[in-house]
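To start, the structure under review is shown below, and the notes come after it.
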Amino acid sequence: MMTLSRLFSSCFALFICAQLFGADAPTPVAPAAAPKGQAPATPTVSPKGQALAAAEAPAAKASDTDCLSLFGWLLGRQSGASELNLTPDELKLVTANFVLGCEGKDAPVDPRKVGPSMQDFLQARFEAYSADMTKKMEKEAQANKEAAKAFFTKLASDKKITKTPSGLYYEILAAGKAPKPTPQDMVEVNYSGKLINGSVFDSSYDRGEPAIFSLEGIIPGAREGLQLIGEGGKIRLYIPSDLGYGDRDIPGIPPGSALIFEFELLKVNPPELIIETDQVNVQAVPMPTASNAATPQASPAKPAAAK
610 MMTLSRLFSS CFALFICAQL FGADAPTPVA PAAAPKGQAP ATPTVSPKGQ ALAAAEAPAA
670 KASDTDCLSL FGWLLGRQSG ASELNLTPDE LKLVTANFVL GCEGKDAPVD PRKVGPSMQD
730 FLQARFEAYS ADMTKKMEKE AQANKEAAKA FFTKLASDKK ITKTPSGLYY EILAAGKAPK
790 PTPQDMVEVN YSGKLINGSV FDSSYDRGEP AIFSLEGIIP GAREGLQLIG EGGKIRLYIP
850 SDLGYGDRDI PGIPPGSALI FEFELLKVNP PELIIETDQV NVQAVPMPTA SNAATPQASP
910 AKPAAAK
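Start counting the sequence shown at 610; every next residue gets the next number (the numbering used here).
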């Protein structure tokens, strides 16, 4: 939730740098095609070296128009204005005076006289927005939990599905072999995650590379389920919201949602986790810790999440 102090923060530069330079690691460079009539040359650069070369390659220069468009969007997005529920007329008033400030012109009113009232006004708007979002999230979470209850009731009659004491449902598709991971282990997996309506919210298959993460850092249902298979194993997990993201509202996963994960356990404590100065492209499943998963939070409206 946006705070009033953040509205007046002068740290836009830090945010912009994070947005511009904190993107996903680049795709490794492909070898050049061989001349016609000549056999392709065998690449001599390792995949890790190719990834490093791609990371060091200069990015294509964007147009001034695109740069200014992004800058304007960032200012609007991070200003907190989306949480004020501005009417069209109010938004016009704000943007018109934003232009005055950019042009170096005098303030339309005396900041010393109006400033305290402005802060009270903004605080009241923020609080109203927060209360409204909380009510909406609670209502949405309750509806999703009711849908999940019906889903799990039907699932319980499936003889292929097993339920653990915690409430996790699972189906082992391939048992794998030793070793099985413990909560302290790192694992390398391929996985896909979807809602019970079939909507996919994340997939390492779509990204084209497996994920590496610690079992200690993921949601309880996934942590419990991954310990049931060994290397080479595959499991489908049906995770109730209290073992998942709880009532949090995060991109692609509404509050109170039950989840369906399918994991393929490739390695336990993969050797590439040995710390190297040139290590790149290590990705982690975007799952919150158990403590975060259980904390309801009202989130502002978000643009479509980009992978």
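Cβ coordinates follow ideal geometry from the N, Cα and C atoms, glycine included.
Check: Ignore the nearest five residues each way along the sequence and tell me which others in residue 835's own chain have a CB closer than 7 Å to its CB.; Outcome: 790, 796, 824, 872, 874
Check: Tell me which residue opens and which closes the alpha helix (DSSP H) that residue 815 is part of.; Outcome: 813-816
Check: Applying the 10 Å Cβ sphere with the 16-neighbour rule, what's the burial state of residue 866?; Outcome: buried
Check: DSSP puts residue 721 in a beta bridge; with which residues?; Outcome: Note: residue 721 sits in no beta bridge, so no partner.
Check: Taking the beta carbon of residue 655 as the centre, do at least 16 other beta carbons fall within 10 Å, making it buried, or is it exposed?; Outcome: With a pLDDT of 43 at residue 655, under the threshold of 50, the predicted position of this residue should be treated as unreliable, though the coordinate-derived value follows. By the 10 Å Cβ count, residue 655 comes out exposed.
Check: For residue 823, list the residues DSSP reports as bridge partners.; Outcome: 795
Check: Determine the closest residue to residue 782 out of 774, 842, 710, 675, with distance taken between C-alpha atoms.; Outcome: 842
Check: Just tell me which of 817, 870, 846, 845 has its CA closest to the CA of residue 809.; Outcome: 870
Check: Hey, residue 858 and residue 746: beta-carbon distance below 8 Å or not?; Outcome: yes
Check: Which two residues bound the contiguous beta strand (DSSP E) that contains residue 845?; Outcome: 843-848
Check: Would DSSP call residue 699 helix, strand or coil?; Outcome: helix
Check: From the DSSP secondary-structure annotation, give me the bridge partner or partners of residue 778.; Outcome: 772, 847
Check: If you run the structure through DSSP and keep just helix, strand and coil, what is residue 766?; Outcome: coil
Check: With residue 875 as the anchor, note down where its beta strand (DSSP E) starts and where it stops.; Outcome: 868-877
Check: Would residue 815 and residue 802 qualify as a contact pair, given that the criterion is a beta-carbon distance under 8 Å?; Outcome: no
Check: Here's a check: name, in chain order, each residue in its chain whose Cβ is nearer than 6 Å to the Cβ of residue 674, leaving out the five neighbours to either side.; Outcome: none
Check: In three-state terms, what does DSSP make of residue 712?; Outcome: coil
Check: What three-state label does DSSP hand residue 640 in the structure shown?; Outcome: Low confidence applies here, because residue 640 scores a pLDDT of 31, under 50, leaving its location unreliable; read the following figure in that light. In the structure shown, residue 640 sits in coil (DSSP, three-state: anything other than H, G, I, E or B).
Check: Tell me which residue opens and which closes the alpha helix (DSSP H) that residue 831 is part of.; Outcome: 829-835
Check: Quick one: measure Cβ to Cβ for residue 757 and residue 805, integer angstroms, because I've assumed they're closer than 8 Å.; Outcome: 6 Å
Check: Any idea what DSSP makes of residue 808, helix, strand or coil?; Outcome: coil
Check: Compute the Euclidean distance between the alpha carbons of residue 729 and residue 714, then round it to the nearest angstrom.; Outcome: 25 Å
Check: Apply the 10 Å Cβ neighbour rule to residue 849 and answer buried if 16 or more other Cβ atoms are within range, or exposed otherwise.; Outcome: buried
Check: Taking the alpha carbon of residue 774 as the reference point, which residue from 833, 734, 748, 704 has its own alpha carbon closest?; Outcome: 833
Check: Can you tell me the Cβ-Cβ gap for residue 819 and residue 877, rounded? I've got them flagged as a contact below 8 Å.; Outcome: Going by Cβ atoms, the distance from residue 819 to residue 877 rounds to 13 Å, so no, they are not a contact pair.
Check: If you draw a straight line from the C-alpha of residue 750 to the C-alpha of residue 860, how long is it?; Outcome: 14 Å
Check: Between residue 896 and residue 722, what straight-line distance do the alpha-carbon atoms span, to the nearest angstrom?; Outcome: The pLDDT assigned to residue 896 is 48, lower than 50, so where the model puts this residue is not dependable; a value taken from the coordinates is nonetheless given after this. Spanning the two alpha carbons is a distance of roughly 47 Å.
Check: Based on DSSP bridge pairs, tell me the residues matched to residue 840.; Outcome: 786
Check: Which residue marks the beginning of the alpha helix (DSSP H) containing residue 685, and which one marks its end?; Outcome: 673-687
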